[in-house]
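Remember, full-length UniProt numbering sits 4 above the position in the sequence shown when you count from 1. Worksheet: the structure to be examined is printed underneath.
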Amino acid sequence: GPVIHWFRRDLRLADNPALTAAGQNGAPVILLYVHDDISAVDWTAGAASNWFLHHSLENLNRDLLPYGNRIVFRKGSAVNVIRDLAVETKASTVFFTRCYEPWAAEEEKILAHELKASGIAARRFGGNLLFEPESLKTGSQQPFKVYTPFYKAGLKQLQTEGIRPRPEKLPAPANLPSSDDLRSWNLCPTKPDWSTGLAENWQPGEQGADAALENFIEEHLNRYSSDRDRPGIKGTSRLSPHLHFGEITPRSCWQRTLSKCVIENGFPSQGAEVFLKELIWREFSHHLLHHTPDLPSRPFRQKFSEFPWRKDEDQLVAWQRGLTGYPLVDAGMRELWHSGWMHNRVRMITASFLIKHLLIDWRQGQKWFWDTLVDADLANNAASWQWVAGCGADAAPYFRIFNPVLQGEKFDPDGVYIKRWVPELGNLPAKYIHAPWLGPENVLKQAGVTLGKDYPRPIVDHAAARNRALAALKSL
Ligand code: FAD
Numbered sequence: 005g006p007v008i009h010w011f012r013r014d015l016r017l018a019d020n021p022a023l024t025a026a027g028q029n030g031a032p033v034i035l036l037y038v039h040d041d042i043s044a045v046d047w048t049a050g051a052a053s054n055w056f057l058h059h060s061l062e063n064l065n066r067d068l069l070p071y072g073n074r075i076v077f078r079k080g081s082a083v084n085v086i087r088d089l090a091v092e093t094k095a096s097t098v099f100f101t102r103c104y105e106p107w108a109a110e111e112e113k114i115l116a117h118e119l120k121a122s123g124i125a126a127r128r129f130g131g132n133l134l135f136e137p138e139s140l141k142t143g144s145q146q147p148f149k150v151y152t153p154f155y156k157a158g159l160k161q162l163q164t165e166g167i168r169p170r171p172e173k174l175p176a177p178a179n180l181p182s183s184d185d186l187r188s189w190n191l192c193p194t195k196p197d198w199s200t201g202l203a204e205n206w207q208p209g210e211q212g213a214d215a216a217l218e219n220f221i222e223e224h225l226n227r228y229s230s231d232r233d234r235p236g237i238k239g240t241s242r243l244s245p246h247l248h249f250g251e252i253t254p255r256s257c258w259q260r261t262l263s264k265c266v267i268e269n270g271f272p273s274q275g276a277e278v279f280l281k282e283l284i285w286r287e288f289s290h291h292l293l294h295h296t297p298d299l300p301s302r303p304f305r306q307k308f309s310e311f312p313w314r315k316d317e318d319q320l321v322a323w324q325r326g327l328t329g330y331p332l333v334d335a336g337m338r339e340l341w342h343s344g345w346m347h348n349r350v351r352m353i354t355a356s357f358l359i360k361h362l363l364i365d366w367r368q369g370q371k372w373f374w375d376t377l378v379d380a381d382l383a384n385n386a387a388s389w390q391w392v393a394g395c396g397a398d399a400a401p402y403f404r405i406f407n408p409v410l411q412g413e414k415f416d417p418d419g420v421y422i423k424r425w426v427p428e429l430g431n432l433p434a435k436y437i438h439a440p441w442l443g444p445e446n447v448l449k450q451a452g453v454t455l456g457k458d459y460p461r462p463i464v465d466h467a468a469a470r471n472r473a474l475a476a477l478k479s480l
């Protein structure tokens, strides 16, 4: 009988050990993708993520044309769909790439069990991470809770050799099982179609991922260590959605970065080193999620479970829409809404603003990001929100409260980023662009800005909000 390759978040042909193994089997390969909006329960994919997924699948299908094969699209609970298809086609083996969300790990166990009961083999492969979460342990055989020792332990066992090219063959079965029309899943918005901004910014699929890496290495890598903090310029790789969907592997990123970066005194340039460290932050998040499955729902540090969060729907909405009156926060939230992505520095500032200035529960922010980011990733999102909230593993201390005005002056000194995303402030001189309420009346007038009308006044006062946040912390 044939074998099945179950595509999950390994939407690529190159460096895909599971797919390669399926192709090497000699039997016809059924390529399956299951749209499952049941198994993830609270964490079914959000709207922006679904848009990306749709185009990634479409492009993967196109890349399969030369193999004379294509993806069978089916909908339902993945375990049931796969078991039924395997029985229906008399498949001998199901190949797949491991995922690390707690629900996905559970699903893998159930699937293996169900297949076994029908005499079908399940073969699971890694490939989406540099290190399997069980493979790194502290000296006392515990999971890591601190980044730097994790990083050091990782480097010791890092292997980036043997990256596999695309499979030579993926022969289609004589009769392809029936498939849904991908479009019938309605992963893309139609009425209204809000995806123009996403389409302008992203090229989903393996080719888009390769192009993003290539462009980054050629144009930005050597300046990465300084440019990465400047939201007004393209200083980072924008690989995050590609990595999330497995259109490219961290091993490929690592290997290509090292092979192309400037080597100084036998060491990779600083830009390369800092970039590789970011890839390891991704590993660290996955390690944390694997060992702490309730990371998205509970503070890693117990004492924060008693935190006195405020409920304030109006302020939450002002934050979501980019109408807080703090230009850097608003620019970030609007960048997110428009493009499905936000610069990392601004993610930290907007998240901090929600948590500390507004005292709104980090889980509310996590949820909003989940729905609006094209790179929404359970491990990275949960670990990062907890990091900002000060309740995570190896987190920023809670009492360190970003001042959005100073952050703007430091990292967007000319206000380029603000002007792009908050155009109503476009004519303000850089001196006032991060704190328009401090601008003299005639300057505001000349720039055509009436506060409270063209642009909101700050919804909270920084100093007062800061004191309130510190008092809340003290109450724990
Ligand atoms: P680069 O700077 O080019 O970094 C390369 C890669 O390293 C990224 O693509 C990403 O995979 C990884 N990486 C970088 N920074 C981090 C980090 N802090 N933690 C984990 N991995 C990292 N990242 C997501 O992929 N999905 C999320 O849902 C997500 N939510 C976040 C929420 C908050 C509140 C914050 C502060 C950060 C979040 N991040 C998330 C991490 C980070 O902001 C993004 O990975 C990064 O901005 C993506 O842009 P890039 O690919 O250009 O990054």
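For every residue, glycine included, the Cβ atom is placed at its ideal position computed from N, Cα and C.
**Study point:** Cβ pair PRO303, ILE422 closer than 7 Å
**Key:** What you label residue 303 is simply residue 299 of the sequence shown in a count that begins at 1. What you label residue 422 is simply residue 418 of the sequence shown in a count that begins at 1. No, the Cβ-Cβ distance between PRO303 and ILE422 is not below 7 Å.
Practice item. Taking 7 Å as the cut-off, decide whether the C-beta atoms of TRP425 and ALA355 are in contact. Key: Here residue 425 refers to the residue found at position 421 of the sequence shown. Here residue 355 refers to the residue found at position 351 of the sequence shown. Not in contact: TRP425 and ALA355 (Cβ atoms no closer than 7 Å).
Review point. Is it right to say ALA178 is buried, meaning 16 or more other beta carbons lie within 10 angstroms of its own, or is it exposed?
Key: Here the question's residue 178 lines up with position 174 in the sequence shown. The residue in question, ALA178, is exposed, as its Cβ has fewer than 16 Cβ neighbours within 10 Å.
Check your understanding: So does ARG227 have its beta carbon nearer than 6 Å to some heavy atom of the ligand FAD?
Key -> Residue mapping note: residue 227 aligns to position 223 of the sequence shown, counting from 1. Distances taken from the Cβ of ARG227 to the heavy atoms of the ligand FAD include none shorter than 6 Å.
Review point. Comparing the CB of ARG255 with every heavy atom of the ligand FAD, is any distance shorter than 6 Å?
Key: The sequence position of residue 255 within the sequence shown is 251, counting from 1. Not under cutoff, so the answer is no.
Check your understanding: Can the beta-carbon of LYS360 be found less than 7 Å from the beta-carbon of ALA216?
Key -> Here residue 360 refers to the residue found at position 356 when the sequence shown is read from its first residue. Here residue 216 refers to the residue found at position 212 when the sequence shown is read from its first residue. Not in contact: LYS360 and ALA216 (Cβ atoms no closer than 7 Å).
Practice item. Locate the beta strand (DSSP E) running through ASN78, then write down its first and last residues. Key: Locating residue 78 in the sequence shown gives position 74, counting from the first residue. Reading the sequence as shown, one finds Arg at residue 78 and not Asn. From DSSP, the beta strand (DSSP E) with ARG78 extends over 75-79.
Check your understanding: What alpha helix (DSSP H) runs, 4 residues minimum, are completely inside the stretch 156-232?
Key -> At a cut-off of 4 residues, the continuous stretches assigned as alpha helix (DSSP H) that sit fully inside the stretch 156-232 are 200-205, 210-219 and 228-231.
Check your understanding: Between ALA451, ARG461, PRO300 and ASN407, which lies nearest to ALA469 when the distance is taken from Cα to Cα?
Key -> Counting from one through the sequence shown, the residue named residue 469 turns up at place 465. ALA469 has its Cα closest to that of ASN407, out of ALA451, ARG461, PRO300 and ASN407.
Practice item. Confirm, please, whether the CB-CB distance from PHE308 to CYS395 is below 7 Å. Key: Working through the sequence shown from its first residue, we reach residue 395 at position 391. Working through the sequence shown from its first residue, we reach residue 308 at position 304. Their beta carbons are under 7 Å apart, which means CYS395 touches PHE308 by this criterion.
Exercise for review: Mind listing which residues have their beta carbon within less than 6 Å of any non-hydrogen atom of the ligand FAD? Chain order is fine.
Suggested key: ARG232, THR240, SER241, ARG242, LEU243, SER244, LEU247, HIS248, GLU282, LEU283, TRP285, ARG286, SER289, ASN348, ARG351, MET352, ALA355, PHE373, LEU377, ASP379, ALA380, ASP381, ASN384, ASN385, SER388, TRP389 and VAL392
**Study point:** Simplified DSSP state of ARG424, which is helix, strand or coil
**Key:** As a working mapping, residue 424 is identified with position 420 in the sequence shown. Three-state DSSP puts ARG424 in a helix.
Review point. Should PHE403 be labelled buried (16 or more other beta-carbon atoms within 10 Å of its own) or exposed?
Key: Residue 403 sits at position 399 when you count from the first residue of the sequence shown. When all chains shown are included, PHE403 counts as exposed.
Review point. Going straight from the alpha carbon of GLY430 to that of GLN28, what length do you get?
Key: To locate residue 430, count along the sequence shown from 1; it is residue 426. To locate residue 28, count along the sequence shown from 1; it is residue 24. Distance between the alpha carbons of GLY430 and GLN28 is about 58 Å.
Practice item. Counting only the same chain and skipping the five closest in sequence on each side, list residues whose C-beta sits under 8 Å from that of ARG78. Key: Indexing the sequence shown from 1 puts residue 78 at position 74. The beta carbon of ARG78 sits closer than 8 Å to the beta carbons of LEU36, TYR37, VAL38, HIS39, VAL85, LEU89, SER183 and ASP184 from its chain, once the five residues preceding and following it are set aside; these are given in chain order.
**Study point:** C-alpha distance - TRP55 paired with THR200, whole-angstrom precision
**Key:** The residue given as residue 55 occupies position 51 in the sequence shown. The residue given as residue 200 occupies position 196 in the sequence shown. C-alpha separation (whole angstroms): 11 Å.
Check your understanding: In the structure shown, what three-state DSSP assignment does HIS438 receive?
Key -> Counted from its first residue, the sequence shown places residue 438 at position 434. Of the three classes helix, strand and coil, the one that applies to HIS438 here is coil, per DSSP.
Point to revise | Per DSSP, cross-strand counterpart(s) of TYR330 | key: Here the question's residue 330 lines up with position 326 in the sequence shown. Looking at the DSSP assignment, TYR330 forms no beta bridge with any residue, so it has no partner.
Check your understanding: Three-state secondary structure (DSSP) at ALA126?
Key -> Start at 1 with the first residue of the sequence shown, and residue 126 comes out as number 122. Strand, per DSSP.
Review point. Around the C-beta of PRO169, are 16 or more other C-beta atoms found within 10 angstroms, so that it is buried, or is it exposed?
Key: For this step, residue 169 is matched to residue 165 along the sequence shown. Under this definition PRO169 is an exposed residue.
Check your understanding: When DSSP builds the beta bridges, which residues end up paired with ILE34?
Key -> Indexing the sequence shown from 1 puts residue 34 at position 30. According to DSSP, which records beta bridges pairwise, ILE34 is partnered with ILE8.
Exercise for review: Write down the C-beta distance between PRO106 and PRO297 rounded to the nearest angstrom, noting that I regard them as a contact closer than 8 Å.
Suggested key: Locating residue 106 in the sequence shown gives position 102, where the first residue counts as 1. Locating residue 297 in the sequence shown gives position 293, where the first residue counts as 1. Rounded, the Cβ-Cβ distance is 4 Å, consistent with contact.
Review point. Which stretch, first to last residue, makes up the beta strand (DSSP E) that contains THR101?
Key: As a position in the sequence shown, residue 101 is number 97, starting the count at 1. 97-101 is the span of the beta strand (DSSP E), which, as asked, contains THR101.
Check your understanding: Do you know offhand how far SER244's Cα is from ASN446's?
Key -> In the sequence shown, the residue the question calls residue 244 occupies position 240. In the sequence shown, the residue the question calls residue 446 occupies position 442. Roughly 44 Å between the two C-alpha positions.
Point to revise | Per DSSP, the bridge partner or partners of ARG314 | key: Translated into positions along the sequence shown, residue 314 becomes position 310. Note: ARG314 sits in a beta bridge opposite ILE364.
Check your understanding: Among LEU180, SER388 and LEU133, which one has its Cα closest to the Cα of ALA95?
Key -> Position 91 of the sequence shown holds residue 95. Per the Cα distances, LEU180.
Review point. Just to confirm, are PRO32 and PRO171 a CB contact at a threshold of 7 Å?
Key: Translated into the one-based positions of the sequence shown, residue 32 becomes position 28. Translated into the one-based positions of the sequence shown, residue 171 becomes position 167. No; because the gap between Cβ atoms is not below 7 Å, this pair is not in contact.
Exercise for review: For TYR71, name the three-state secondary structure that DSSP assigns.
Suggested key: For this step, residue 71 is matched to residue 67 along the sequence shown. Three-state result, TYR71: helix.
Practice item. Would you list the residues sitting across from PRO272 in a DSSP beta bridge? Key: Counting from 1 along the sequence shown, the entry for residue 272 is found at position 268. According to DSSP, PRO272 bridges with ILE267.
Point to revise | Best match in VAL91, GLU62, ALA44 and SER53 for proximity to GLY80 [C-alpha to C-alpha] | key: In the sequence shown, counting from the first residue as 1, residue 80 sits at position 76. Nearest in C-alpha terms to GLY80, of all of VAL91, GLU62, ALA44 and SER53, is ALA44.
Point to revise | Euclidean distance between Cα positions of ARG242 and SER229 | key: For this step, residue 242 is matched to residue 238 along the sequence shown. For this step, residue 229 is matched to residue 225 along the sequence shown. If you take the alpha carbons of ARG242 and SER229, they lie about 15 Å apart.
Check your understanding: Does the distance from the C-beta atom of PRO21 to that of PHE129 stay below 7 Å?
Key -> Position 17 of the sequence shown holds residue 21. Position 125 of the sequence shown holds residue 129. Yes.
**Study point:** For TYR459, the residue or residues it bridges with in DSSP
**Key:** Stepping through the sequence shown from its first residue, residue 459 is reached at position 455. Answer by DSSP bridge pairing, in chain order: LEU455.
**Study point:** Collapsed DSSP secondary structure at HIS347 in the structure displayed
**Key:** The residue labelled residue 347 in the question sits at position 343 within the sequence shown. In the structure shown, HIS347 adopts coil according to DSSP, grouped into three states.
Check your understanding: If we count the other Cβ atoms within 10 Å of its Cβ and call it buried at 16 or more, is PHE271 buried or exposed?
Key -> Here residue 271 is taken as the residue at index 267 of the sequence shown, counted from 1. By the neighbour-count rule (16 or more Cβ atoms within 10 Å), PHE271 is not buried but exposed.
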